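Asks: Pasting in a structure now, in structure tokens, and then I'll have a few things to ask.
Listed below in structure tokens is the structure:
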């Protein structure tokens, strides 16, 4: 727009200077007018023939030999007089100036119209260029938007693929962990089954050992009962005056040693760490133990056969029996395998 305004201003300045430069009055013009006769109305000018061209003068020929003189030539016809040309009216300088000015204005209008058309064409070209630039810019923006959308779609796809891969990895890890857990549980179950089988086997072995031990103890008890019956039988025989009996059996055992019971009590009593309480009435708590002896007199087992009713006293008597190890040797020199020790609190 600024360029168009500047061009128009420049064109206006040029026009002003051009008109001023051509504004001088032209000089006088001489016009000849011709008319036929005295008619006030001049007829239209008739076309005039071209004036004859002057004939070139013949060059003098060389004089020939004198011959007889010919007769003289006839005189030339008279030349026709040129017709008088009609005189044109004299043009008014002011009218000519106005016509010239009008012509210049028309030419200026034509030039301005041409320049306006040129300016219009230029503006139209600029508009087309602007439209092309705008179209190109829009196309670039569209391509950029499409590229951005494609990049975004690619990024989203990559993110989705990554998320799917991570999910798959997590699922695989979870499946692996579940498989490991199942394997661990299976191994634990197998181990528990093995341990249970081993425990059952141990329990069975223990049960078998316990049964074997119970059988052995039952056998020992049967032997002890037999020995006790034999001892009772001997006591009865001694009390009745039967040979082979023993009258003094405060402690069962000792063969024919009449003072063996006092020896056993003297051996057991120092190990009984139980201060007896003051005696009340005729009650005398008694603890009876069956003691298994080896052939060397060492204590192999102690079994409570009759409690005194006082657990502390019973334990103290058992401790005293175990501390009496080995037992006193009988006078016969042979240890009985089973001895019943009867220990009273106040004896």
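Numbering (my numbering), first residue to last: 59 to 405. From the three backbone atoms N, C-alpha and C, an ideal C-beta is built for every residue, glycine too. Since the model is a prediction, treat every value here as computed from it, not as a measurement.
For the candidate residues 360, 252 and 72, whose alpha-carbon lies nearest to that of residue 396?
Replies: One-based indexing of the chain shown puts residue 396 at position 338. Of the candidates 360, 252 and 72, the one whose C-alpha sits nearest the C-alpha of residue 396 is 360.
Asks: Taking one C-beta from the region 374-385 and one from the region 345-355 each time, how about it: are there three or more such pairs within less than 8 Å?
Replies: Yes, the region 374-385 is in contact with the region 345-355.
Asks: Going by DSSP in three states, residue 13 sits in which element: helix, strand or coil?
Replies: A question about residue 13 goes unanswered here, because the residues of the chain that appear run from 59 up to 405.
Asks: Please report the residue range of the alpha helix (DSSP H) in which residue 374 lies.
Replies: Along the chain shown, read from residue 1 onward, the residue named residue 374 stands at position 316. First-last of the alpha helix (DSSP H) with residue 374: 369-381.
Asks: Looking at residue 347 and residue 399, is the spacing between their C-beta atoms short of 7 Å?
Replies: Residue numbering aside, residue 399 sits at position 341 when the chain shown is read from its first letter. Residue numbering aside, residue 347 sits at position 289 when the chain shown is read from its first letter. Against a cut-off of 7 Å, the Cβ pair of residue 347 and residue 399 comes out as a contact.
Asks: Report yes if the CB atom of residue 328 is closer than 7 Å to the CB atom of residue 403, and no otherwise.
Replies: Here residue 328 corresponds to residue number 270 of the chain shown, with the count starting at 1. Here residue 403 corresponds to residue number 345 of the chain shown, with the count starting at 1. Not closer than 7 Å, so no.
Asks: Report the option in 163, 61 and 154 whose CA atom is closest to the CA atom of residue 74.
Replies: Within the chain shown, residue 74 is the residue found at index 16, counting from 1. The option with the nearest alpha carbon to residue 74 is 163.
Asks: Suppose the cutoff is 8 Å on Cβ atoms and the five residues either side in sequence are ignored; what does the same chain contact list for residue 248 look like?
Replies: Within the chain shown, numbered from 1, the residue matching residue 248 stands at position 190. Closer than 8 Å at the Cβ level, and outside the excluded window around residue 248, lies no residue.
Asks: Please look up how many angstroms separate the CB atoms of residue 366 and residue 343, rounded, as I've assumed it's under 8 Å.
Replies: Along the chain shown, one-based indexing puts residue 366 at 308. Along the chain shown, one-based indexing puts residue 343 at 285. Confirmed, about 4 Å.
Asks: Have a look at 394, 272 and 341 and flag the residue whose alpha-carbon is nearest the alpha-carbon of residue 368.
Replies: The residue given as residue 368 occupies position 310 in the chain shown. Of 394, 272 and 341, the residue nearest in Cα terms is 341.
Asks: Per DSSP, residue 400 is paired with what?
Replies: Locating residue 400 in the chain shown gives position 342, counting from the first residue. Note: residue 400 sits in a beta bridge opposite 346.
Asks: Along the chain, where does the alpha helix (DSSP H) containing residue 326 start, and where does it finish?
Replies: Counted from its first residue, the chain shown places residue 326 at position 268. Here the alpha helix (DSSP H) through residue 326 covers 318-326.
Asks: Using the beta-carbon count (16 or more within 10 Å), is residue 372 buried or exposed?
Replies: If you number the chain shown from 1, residue 372 lands on position 314. Residue 372 comes out buried.
Asks: Residue 374 and residue 332 - do their beta-carbons sit closer together than 7 Å?
Replies: Here residue 332 corresponds to residue number 274 of the chain shown, with the count starting at 1. Here residue 374 corresponds to residue number 316 of the chain shown, with the count starting at 1. Contact flag set, yes.
Asks: Nearest by alpha-carbon distance to residue 321: which of 387, 226 and 224 is it?
Replies: Residue 321 sits at position 263 when you count from the first residue of the chain shown. The residue with the shortest Cα to Cα distance from residue 321 is 387.
Asks: Across which residues does DSSP place residue 351 in a beta bridge pair?
Replies: As a working mapping, residue 351 is identified with position 293 in the chain shown. 357, per the DSSP bridge assignment.
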